[in-house]
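Asks: Please read through the structure below; I'll follow up with questions.
In UniProt numbering, the protein residues as written are 1 to 462.
Given below as structure tokens:
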């Protein structure tokens, strides 16, 4: 009986072991390594690889150990100090400050992430102060040489948007190239996508046409993907739906163009964005080749569109994303709502898109100032009289403090608009005076003598 019981127990243990084995995978060391080294997005991995290659090339050129990740901290600090100071492009020019920042961040990421997994931080730890002092000094040098400004992609101006939608070919949904251009542009605009991120991998199944509770149809992105800001790690507790592209029922309706594109795309190609045919039948089922658009073609799409439509400037793909964020910000949407569309991790991240004013705002500002300074005929009286010493010299000159203040503001490039009377300190008068810009020979102040010039001063009625 004991043998039977033992045999039954053994069979039960074997069954449990088999069940446990079926429950879990059997990942090899190589598979684990592959997972750990691919935790970043493709673009992040690319920038990391580029920065590491730069530093290894520097070590090779200086006849140093190229395996810099194995150096003691003190030696690594010395290496980075020299690297930051001597880093140049192939043509010998300095990198821009934005590129310089990316290189240091990428090196730090390489050292801290698996498989290297260092505990130190080359950007923050005090042991790397010497290297970071050199880094800051080079950033200052870049600014002095005109490479310090971080260029943010501009949004597409309203006038250029009008050109795109009115152009006979560029956004024409009745020809393959025009339909492709329009759908490409609107997918980035409405879903606030990055200019090159994962475009080559998009498929029809990534999108769906749905109806909301009010009966309105819209295009929605229904699948998740790894992006620069969303890596699917444990810190992301919630992933918003993202943007929607609603039906407008107009001649250039974005949803109608998307539906037409799906109908005309080549069903034998899995990629969403395909090469258009050179020759096509307008009533035919397929306007596109059994070939996906390449990464380089996709990356230059907005550049090509800008040139084809003769826009005011050549825009990049990322300018479409900047346009979405700028439009939503100008419309008064809160930052916390905009980031649900843009995919940024925080509201702080979208401020760089909204620092400058638009062309429309600049025109309105100039118009307001012009209206303020315009004097109508009924508001002024042009009077001509001879100078009779009723206005003293002191009343017609800028004080030393006023002069210094304005010069300082001009040097800083931050001259502010002020009422003219505040700047010049010239009293209201209806007299014509003769002015000479020469300083009086025996003048003890910063005043000017006035001689041999006619100046008309208009009285402005309140």
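Here a beta-carbon is modelled for each residue, glycine too, at the ideal position from N, C-alpha and C.
Return the residue from the list 188, 116 and 102 that minimises the CA-CA distance to residue 299.
Replies: Working through the chain shown from its first residue, we reach residue 299 at position 299. Nearest of 188, 116 and 102 to residue 299, Cα basis: 188.
Asks: So, with DSSP's three-state summary, where would you put residue 251?
Replies: Taking the first residue of the chain shown as 1, we reach residue 251 at position 251. Residue state, collapsed to three classes: coil.
Asks: Output yes or no for whether 8 Å exceeds the beta carbon distance between residue 261 and residue 164.
Replies: Mapped onto the chain shown, residue 261 falls at position 261. Mapped onto the chain shown, residue 164 falls at position 164. Their beta carbons are not under 8 Å apart, which means residue 261 does not touch residue 164 by this criterion.
Asks: Give me the residue from 212, 200, 244 and 211 with the minimum Cα distance to residue 221.
Replies: What you label residue 221 is simply residue 221 of the chain shown in a count that begins at 1. That would be 244, whose Cα lies nearest to the Cα of residue 221.
Asks: From the DSSP secondary-structure annotation, give me the bridge partner or partners of residue 208.
Replies: As a first step, residue 208 is located in the chain shown; it is residue number 208 there, counting from the start. Answer by DSSP bridge pairing, in chain order: 220.
Asks: With a CB to CB cut of under 6 Å and the five nearest residues on each side skipped, what residues in its chain are close to residue 377?
Replies: On the chain shown, residue 377 is found 377 positions in, with the first residue counted as 1. Because residue 377 carries a pLDDT of 46, less than 50, the predicted location of this residue cannot be relied on, and the following value inherits that uncertainty. Contacts found: none.
Asks: What residue from 60, 111 and 154 has the CA that sits closest to residue 315's CA?
Replies: In the chain shown, residue 315 corresponds to position 315, counting from 1. That would be 154, whose Cα lies nearest to the Cα of residue 315.
Asks: Rounded to the nearest angstrom, what separates residue 216 and residue 263 at their Cα positions?
Replies: Here residue 216 refers to the residue found at position 216 of the chain shown. Here residue 263 refers to the residue found at position 263 of the chain shown. Computed Cα separation, rounded: 21 Å.
Asks: Under the three-state reduction of DSSP, which class applies to residue 176: helix, strand or coil?
Replies: Residue 176 sits at position 176 when you count from the first residue of the chain shown. In the structure shown, residue 176 sits in a helix (DSSP, three-state: H, G or I).
Asks: Where DSSP assigns a beta bridge to residue 274, which residues make up the other side?
Replies: Residue numbering aside, residue 274 sits at position 274 when the chain shown is read from its first letter. DSSP, once it has assigned bridges, lists 292 as partnering residue 274.
Asks: Since I believe residue 110 is in contact with residue 51 (beta carbons under 8 Å), could you give me their beta-carbon distance rounded to a whole number of angstroms?
Replies: Looking up residue 51 in the chain shown gives position 51. Looking up residue 110 in the chain shown gives position 110. Rounded, the Cβ-Cβ distance is 7 Å, consistent with contact.
Asks: Mind reading off the beta-carbon distance from residue 338 to residue 328? Whole number of angstroms is fine, and I expect it under 8 Å.
Replies: Locating residue 338 in the chain shown gives position 338, where the first residue counts as 1. Locating residue 328 in the chain shown gives position 328, where the first residue counts as 1. With 8 Å as the limit, residue 338 and residue 328 qualify as a contact, their Cβ atoms being about 5 Å apart.
Asks: Ignore the nearest five residues each way along the sequence and tell me which others in residue 108's own chain have a CB closer than 6 Å to its CB.
Replies: Taking the first residue of the chain shown as position 1, residue 108 is located at position 108. Cβ neighbours of residue 108 beyond the five flanking positions: 122 and 123.
Asks: Which residues does DSSP pair with residue 244 in a beta bridge?
Replies: On the chain shown, residue 244 is found 244 positions in, with the first residue counted as 1. Residue 244 pairs with 220.
Asks: For residue 158, which three-state DSSP category applies?
Replies: Your numbering for residue 158 matches position 158 in the chain shown. Residue state, collapsed to three classes: helix.
Asks: Express the C-alpha separation of residue 71 and residue 365 in angstroms, rounding to a whole number.
Replies: By 1-based counting over the chain shown, the position of residue 365 is 365. By 1-based counting over the chain shown, the position of residue 71 is 71. C-alpha separation (whole angstroms): 57 Å.
Asks: Which same chain residues, not among the five before or five after residue 310, have their C-beta less than 8 Å away from its C-beta?
Replies: To locate residue 310, count along the chain shown from 1; it is residue 310. Taken in chain order, the residues that qualify are 163.
Asks: Is it right to say residue 48 is buried, meaning 16 or more other beta carbons lie within 10 angstroms of its own, or is it exposed?
Replies: Along the chain shown, one-based indexing puts residue 48 at 48. Buried, since its Cβ has 16 or more Cβ neighbours within 10 Å.
Asks: My output table needs one value for residue 62: the three-state DSSP class, helix, strand or coil.
Replies: Locating residue 62 in the chain shown gives position 62, where the first residue counts as 1. Correct three-state label for residue 62: coil.
Asks: Which ranges does the beta strand (DSSP E) cover as unbroken runs of at least 3 residues, wholly within the stretch 62-121, from first to last along the chain?
Replies: Taking only runs of at least 3 residues, no beta strand (DSSP E) segment lies wholly in the stretch 62-121.
Asks: When you compare each of 214, 257 and 55 to residue 175 by their alpha carbons, which one comes out closest?
Replies: By one-based count along the chain shown, residue 175 stands at place 175. When each option's Cα is compared against that of residue 175, the closest is 257.
Asks: Please list, in chain order, all residues of the same chain as residue 289 whose beta carbon is under 7 Å from its beta carbon, the five residues on each side excluded.
Replies: As a working mapping, residue 289 is identified with position 289 in the chain shown. Result list for residue 289: 266, 274, 275 and 277, in chain order.
Asks: Give the secondary structure of residue 203 by DSSP, where H, G and I count as helix, E and B as strand, and everything else as coil.
Replies: Counted from its first residue, the chain shown places residue 203 at position 203. Strand.
Asks: Looking at residue 322: is its Cβ nearer than 8 Å to the Cβ of residue 170?
Replies: Counting from 1 along the chain shown, the entry for residue 322 is found at position 322. Counting from 1 along the chain shown, the entry for residue 170 is found at position 170. No. Outside cutoff.
Asks: Measuring CB atoms only, is the stretch 279-287 touching the stretch 201-211, in the sense that at least three cross pairs come out at less than 8 Å?
Replies: No: fewer than three Cβ pairs fall under 8 Å.
Asks: Around the C-beta of residue 332, are 16 or more other C-beta atoms found within 10 angstroms, so that it is buried, or is it exposed?
Replies: Translated into positions along the chain shown, residue 332 becomes position 332. The residue in question, residue 332, is exposed, as its Cβ has fewer than 16 Cβ neighbours within 10 Å.
Asks: Locate the alpha helix (DSSP H) running through residue 308, then write down its first and last residues.
Replies: Stepping through the chain shown from its first residue, residue 308 is reached at position 308. 301-308 is the span of the alpha helix (DSSP H), which, as asked, contains residue 308.
Asks: Classify residue 249: buried if its beta carbon has 16 or more other beta carbons within 10 angstroms, exposed otherwise.
Replies: What you label residue 249 is simply residue 249 of the chain shown in a count that begins at 1. By the 10 Å Cβ count, residue 249 comes out exposed.
Asks: In terms of residue numbering, what span does the alpha helix (DSSP H) encompassing residue 139 cover?
Replies: In the chain shown, counting from the first residue as 1, residue 139 sits at position 139. That run of the alpha helix (DSSP H) goes 129-144.
Asks: Residue 167 lies in the alpha helix (DSSP H); which residues open and close that run?
Replies: The sequence position of residue 167 within the chain shown is 167, counting from 1. Run containing residue 167: none; DSSP gives neither H nor E here.
Asks: Beta-carbon separation of residue 203 and residue 271 under 8 Å?
Replies: In the chain shown, residue 203 corresponds to position 203, counting from 1. In the chain shown, residue 271 corresponds to position 271, counting from 1. Taking 8 Å as the Cβ cut-off, residue 203 and residue 271 qualify as a contacting pair.
Asks: Write down the C-beta distance between residue 186 and residue 292 rounded to the nearest angstrom, noting that I regard them as a contact closer than 8 Å.
Replies: For the purposes of this step, residue 186 is taken as the residue at position 186 of the chain shown. For the purposes of this step, residue 292 is taken as the residue at position 292 of the chain shown. Contact doesn't hold; Cβ gap of about 19 Å is too wide.
Asks: Among residues of its own chain, excluding the 5 on either side of residue 156, which ones have a beta-carbon nearer than 6 Å to its beta-carbon?
Replies: Translated into the one-based positions of the chain shown, residue 156 becomes position 156. Excluding sequence neighbours, residue 156 sits near 315, 319 and 323.
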